[in-house]
Amino acid sequence: MAGNIDQKVKKRLLRFLLRDKLDIRKSLLCSFLQTKSCTTVEIYDYLIKQGFHVNYRAVSSMVGQMHSRLGILRVNLTNERNVYSLKEDYLDIVKMVLTPFSNKSIG
Numbered sequence: 342m343a344g345n346i347d348q349k350v351k352k353r354l355l356r357f358l359l360r361d362k363l364d365i366r367k368s369l370l371c372s373f374l375q376t377k378s379c380t381t382v383e384i385y386d387y388l389i390k391q392g393f394h395v396n397y398r399a400v401s402s403m404v405g406q407m408h409s410r411l412g413i414l415r416v417n418l419t420n421e422r423n424v425y426s427l428k429e430d431y432l433d434i435v436k437m438v439l440t441p442f443s444n445k446s447i448g
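Everything in the sequence shown is counted per our numbering, starting at 342 for the first residue and increasing by one.
Dropping the structure here:
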C-alpha cells in the first residue's frame, strides 16, 4: 500500500516540476531539502536572492499547493507564522525526482 502511495506522490511531483519553466519550483524543493523548515517569508526571500522575479502571493500559492495537493509538506502552526517542512517519508522521493532536473541550474 505504501508503495502505491509513493508512486502517486512521485507522479504528482513530476507533473508539478514539469510545469516549472523557470525552475522556481525546483529551487523551492531544493530549499526544503537544505533548510528542513522555513516560513513562506523565508522562502520568498530565498527565491528573490536566487534571482527569481516572484511575488509573495505566488510563493504562498506554491507552498500551499505543495502542502495540500502534493501532500509532501508538514505545517507547524505558530502564533505568528506557519512553518513548513518536508515530511520525512518523502525526502527520498523528492531527491529521486529532482535528480533528472539537476542538470539545470537552480537559479
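The C-beta atom is built at its ideal place from N, Cα and C for all residues, glycine as well.
N- and C-terminal bounds of the alpha helix (DSSP H) containing R422: In the sequence shown, counting from the first residue as 1, residue 422 sits at position 81. That residue, R422, is in no alpha helix (DSSP H); it is neither H nor E in DSSP.
Rounded straight-line distance, which links the Cα of K367 to that of R356: Along the sequence shown, one-based indexing puts residue 356 at 15. Along the sequence shown, one-based indexing puts residue 367 at 26. R356 and K367: Cα-Cα distance of roughly 12 angstroms.
CB contact flag (L374, L427, <8 angstroms): As a position in the sequence shown, residue 374 is number 33, starting the count at 1. As a position in the sequence shown, residue 427 is number 86, starting the count at 1. Contact: yes.
Those residues which DSSP pairs with R410 across a bridge: On the sequence shown, position 69 is the one that residue 410 refers to. Looking at the DSSP assignment, R410 forms no beta bridge with any residue, so it has no partner.
Nearest-angstrom Cα separation, counted from L359 out to L414: Sequence index remark: in the sequence shown, residue 414 carries index 73 (1-based). Sequence index remark: in the sequence shown, residue 359 carries index 18 (1-based). In a straight line, the C-alpha of L414 is about 19 angstroms away from that of L359.
Cβ pair count under 8 angstroms reaching 3, the stretch 393-412 against the stretch 432-442: no
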